[in-house]
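S.K.: Would you mind keeping the following structure in view while I ask a few things?
In full-length UniProt numbering, the protein residues as written are 1 to 376.
Below is the structure:
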């Protein structure tokens with residue numbers, strides 16, 4: 001070992017030693033994939049990033065494929081443009097690479113490739129946060145039943161209710177139920193138009209199942225619940241996603257409807273068209289959008305269709321935040337518990353090499369705007 005305690009005569013250097021110039025350390029331990037990840041999160045093309053950082057597009061491309069190592073001063077320029085700490089680009093921490101082809105997108109036709117790329121990065125960030133926290137506490141184990149080949153979506157939903165021990169009646173506290181069964185749920189950043197175009201999506205990667213719910217669903221608990229149930233259907237029914245496939249989309253819809261509004265219980269509540277309650281009342285009772293009740297009605301007798309057409313199907317906006325147990329809370333609770341155990345937000349962001357704003361976005365804290373107070 002040399003006198004500086006960092007490098008021996010064989011040229012080995014401890015990458016955990018960040019003494020000296022940070023840019024020099026990061027340049028010597030530069031992780032190309034991190035550059036691509038940060039660029040996609042920032043919604044910049046290679047050319048746009050290059051222009052903002054004072055580089056050529058060809059050089060940035062070489063950085064991203066690992067063909068060229070950046071000069072010591074370059075990581076700081078990239079970090080400034082991409083709004084990440086310089087250390088973000090350094091190797092040495094776990095990361096999860098997700099292929100967009102392995103993601104169930106709610107409506108892939110309305111989002112561009114760059115929109116979906118940003119959504120994939122968000123899922124990777126969720127995985128990184130869960131992994132880092134999971135090294136310090138035990139997360140719930142994934143608990144999804146194995147399905148027999150050819151099982152219908154409705155039968156799969158009934159099997160899941162039985163496997164999870166869900167009592168007859170409405171499935172309350174859906175978010176908490178999913179998280180207690182090892183599925184990490186997160187809200188997409190409300191400030192991102194790209195994420196809004198992507199909608200709700202789900203994936204299973206590196207031992208974790210993830211569901212990201214579109215921010216628009218936070219304003220209506222009914223739509224939020226159905227979006228979660230639909231994403232769960234994809235995770236359970238479709239190990240091989242087919243983006244835009246109509247069959248998979250319909251199967252996910254049927255699974256979600258049966259999971260939240262079991263047909264057997266609906267038959268018991270509504271034995272005949274004459275005794276069919278208000279669809280709006282049923283929507284509130286079962287915690288689903290009125291459109292779901294409409295579909296259930298249309299699948300029954302023609303007479304019930306005519307009754308449904310004469311009813312007003314409407315419910316007020318009811319934010320998810322007003323329903324404890326419905327929204328995601330696992331990651332936020334894990335952060336609090338880590339803090340109480342001496343691993344606070346500063347230590348967490350340092351280990352992740354994030355800034356505080358990125359952590360807030362991943363935790364869903366950036367959904368709420370600033371509060372104004374009136375001084376008298």
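Ideal Cβ placement from N, Cα and C applies to all residues, glycine included.
Excluding the 5 residues flanking residue 62 on each side, which residues of the same chain have their C-beta closer than 6 Å to its C-beta?
M.R.: In the chain shown, counting from the first residue as 1, residue 62 sits at position 62. Closer than 6 Å at the Cβ level, and outside the excluded window around residue 62, lie 68.
S.K.: Cβ atoms of residue 176 and residue 287: under 7 Å apart, would you say?
M.R.: Position 287 of the chain shown holds residue 287. Position 176 of the chain shown holds residue 176. No, the Cβ-Cβ distance between residue 287 and residue 176 is not below 7 Å.
S.K.: Quick check on this structure: which residue in 71, 133, 356, 51 has the alpha carbon closest to the alpha carbon of residue 342?
M.R.: Taking the chain shown and counting its residues from 1, the one referred to as residue 342 is at position 342. Closest option to residue 342, Cα to Cα, is 133.
S.K.: What do you reckon, are the CB atoms on residue 293 and residue 277 nearer than 7 Å?
M.R.: If you number the chain shown from 1, residue 293 lands on position 293. If you number the chain shown from 1, residue 277 lands on position 277. Going by C-beta atoms, residue 293 is not nearer than 7 Å to residue 277.
S.K.: At which residues does the beta strand (DSSP E) containing residue 208 begin and terminate?
M.R.: The residue given as residue 208 occupies position 208 in the chain shown. Start and end: 208 to 213.
S.K.: Which residues does DSSP pair with residue 183 in a beta bridge?
M.R.: Position 183 of the chain shown, counted from the first residue, corresponds to residue 183. Per DSSP, 209.
S.K.: Residue 81 and residue 52: beta carbons closer than 7 Å?
M.R.: Taking the chain shown and counting its residues from 1, one reaches residue 81 at position 81. Taking the chain shown and counting its residues from 1, one reaches residue 52 at position 52. A contact, by the Cβ cut-off of 7 Å.
S.K.: Relative to the C-alpha of residue 85, which residue among 240, 129, 351 is closest?
M.R.: Mapped onto the chain shown, residue 85 falls at position 85. It is 351 whose Cα lies nearest to the Cα of residue 85.
S.K.: If we count Cβ pairs, one from each stretch, closer than 8 Å, do we get three or more for the segment 252 to 272 versus the segment 143 to 160?
M.R.: Yes, the segment 252 to 272 touches the segment 143 to 160.
S.K.: Secondary structure at residue 313, three-state DSSP: helix, strand or coil?
M.R.: By one-based count along the chain shown, residue 313 stands at place 313. With a pLDDT of 41 at residue 313, under the threshold of 50, the predicted position of this residue should be treated as unreliable, and no value is reported.
S.K.: To the nearest angstrom, report how far apart residue 332 and residue 60 are at their CA atoms.
M.R.: Along the chain shown, read from residue 1 onward, the residue named residue 332 stands at position 332. Along the chain shown, read from residue 1 onward, the residue named residue 60 stands at position 60. Residue 332 and residue 60: Cα-Cα distance of roughly 36 Å.
S.K.: Using a threshold of 6 Å, is the CB atom of residue 174 nearer than that to any non-hydrogen atom of the ligand MN?
M.R.: Only the bare structure without any ligand can be found here, which leaves the ligand MN out of the picture.
S.K.: Sort 242, 129, 227, 117 by Cα distance to residue 361 and report the nearest one.
M.R.: What you label residue 361 is simply residue 361 of the chain shown in a count that begins at 1. Of 242, 129, 227, 117, the residue nearest in Cα terms is 129.
S.K.: Can you give me the C-alpha to C-alpha distance between residue 285 and residue 30, rounded to a whole angstrom?
M.R.: Counted from its first residue, the chain shown places residue 285 at position 285. Counted from its first residue, the chain shown places residue 30 at position 30. Each residue's Cα considered, the two are about 54 Å apart.
S.K.: Distance, Cα to Cα, residue 83 vs residue 40?
M.R.: Translated into the one-based positions of the chain shown, residue 83 becomes position 83. Translated into the one-based positions of the chain shown, residue 40 becomes position 40. Cα to Cα, residue 83 sits roughly 12 Å from residue 40.
S.K.: Would the segment 180 to 189 and the segment 198 to 216 be scored as touching if the rule is three or more Cβ pairs under 8 Å?
M.R.: These segments touch.
S.K.: Tell me the DSSP secondary structure of residue 202 in three-state form.
M.R.: Mapped onto the chain shown, residue 202 falls at position 202. Residue state, collapsed to three classes: strand.
S.K.: Within 10 angstroms of the Cβ of residue 297, are there 16 or more other Cβ atoms? Answer buried if so, exposed if not.
M.R.: Here the question's residue 297 lines up with position 297 in the chain shown. Residue 297 comes out buried.
S.K.: Quickly, what does DSSP pair residue 68 with across the bridge? List them, please.
M.R.: Within the chain shown, residue 68 is the residue found at index 68, counting from 1. In the DSSP output, where bridge partners are listed per residue, residue 68 has none listed.
S.K.: Between the C-alpha atoms of residue 308 and residue 295, what's the straight-line distance to the nearest angstrom?
M.R.: Indexing the chain shown from 1 puts residue 308 at position 308. Indexing the chain shown from 1 puts residue 295 at position 295. Low per-residue confidence applies at residue 308: pLDDT is 46, beneath 50, and the placement is therefore not dependable, though the value from the model is reported in the following sentence. Their backbone Cα atoms lie some 10 Å apart in a straight line.
S.K.: On the criterion of 16 or more Cβ atoms from any shown chain inside 10 Å, does residue 357 qualify as buried, or is it exposed?
M.R.: As a first step, residue 357 must be located in the chain shown, where it is residue number 357. Exposed, by the Cβ-count rule.
S.K.: Are there 16 or more other CB atoms within 10 angstroms of the CB of residue 336, so buried, or fewer, so exposed?
M.R.: Taking the first residue of the chain shown as position 1, residue 336 is located at position 336. The residue in question, residue 336, is exposed, as its Cβ has fewer than 16 Cβ neighbours within 10 Å.
S.K.: To the nearest angstrom, how far is it from the Cα of residue 169 to the Cα of residue 265?
M.R.: In the chain shown, counting from the first residue as 1, residue 169 sits at position 169. In the chain shown, counting from the first residue as 1, residue 265 sits at position 265. The alpha-carbon atoms of residue 169 and residue 265 are separated by roughly 7 Å.
S.K.: In whole angstroms, what separates the C-alpha of residue 42 from that of residue 118?
M.R.: Along the chain shown, read from residue 1 onward, the residue named residue 42 stands at position 42. Along the chain shown, read from residue 1 onward, the residue named residue 118 stands at position 118. Using only the alpha carbons, I get a separation of about 8 Å.
S.K.: Count the other C-beta atoms from every protein chain shown that fall within 10 angstroms of the C-beta of residue 199, then say buried if there are 16 or more, exposed otherwise.
M.R.: For the purposes of this step, residue 199 is taken as the residue at position 199 of the chain shown. Burial call: buried.
S.K.: Would you kindly work out how many angstroms separate the C-alpha atoms of residue 283 and residue 220, rounded to a whole number?
M.R.: Taking the first residue of the chain shown as position 1, residue 283 is located at position 283. Taking the first residue of the chain shown as position 1, residue 220 is located at position 220. Each residue's alpha carbon lies about 12 Å from the other.
S.K.: Go through its chain and collect everything with a Cβ distance to residue 248's Cβ below 6 Å, but skip five positions before and after it.
M.R.: By 1-based counting over the chain shown, the position of residue 248 is 248. If we look at residue 248 and ignore the five residues flanking it on each side, its Cβ neighbours are 238, 242.
S.K.: Only counting the same chain, and skipping five residues up and downstream in sequence, which positions put a Cβ closer than 7 Å to that of residue 56?
M.R.: Position 56 of the chain shown, counted from the first residue, corresponds to residue 56. Once the five neighbours on either side are set aside, the close Cβ partners of residue 56 are 50.
S.K.: Determine the DSSP secondary structure at residue 30, reduced to helix, strand or coil.
M.R.: In the chain shown, the residue the question calls residue 30 occupies position 30. Strand at residue 30.
S.K.: For the alpha helix (DSSP H) that contains residue 255, what are its first and last residues?
M.R.: Position 255 of the chain shown, counted from the start, is the residue given in the question as residue 255. Where residue 255 is concerned, the enclosing alpha helix (DSSP H) stretches over 246 to 260.
S.K.: What separation, rounded to the nearest whole angstrom, lies between the Cα atoms of residue 232 and residue 106?
M.R.: Residue mapping note: residue 232 aligns to position 232 of the chain shown, counting from 1. Residue mapping note: residue 106 aligns to position 106 of the chain shown, counting from 1. Going from the Cα of residue 232 to the Cα of residue 106 covers about 12 Å.
S.K.: I need the DSSP call for residue 364, collapsed to helix, strand or coil.
M.R.: Sequence index remark: in the chain shown, residue 364 carries index 364 (1-based). In this structure, residue 364 counts as coil in the three-state DSSP scheme.
S.K.: Rounded to whole angstroms, what is the Cα-Cα separation between residue 139 and residue 230?
M.R.: If you number the chain shown from 1, residue 139 lands on position 139. If you number the chain shown from 1, residue 230 lands on position 230. So the two alpha carbons sit approximately 23 Å from each other.
S.K.: For the beta strand (DSSP E) holding residue 89, just list the boundary residues, first then last.
M.R.: The sequence position of residue 89 within the chain shown is 89, counting from 1. Run containing residue 89: none; DSSP gives neither H nor E here.
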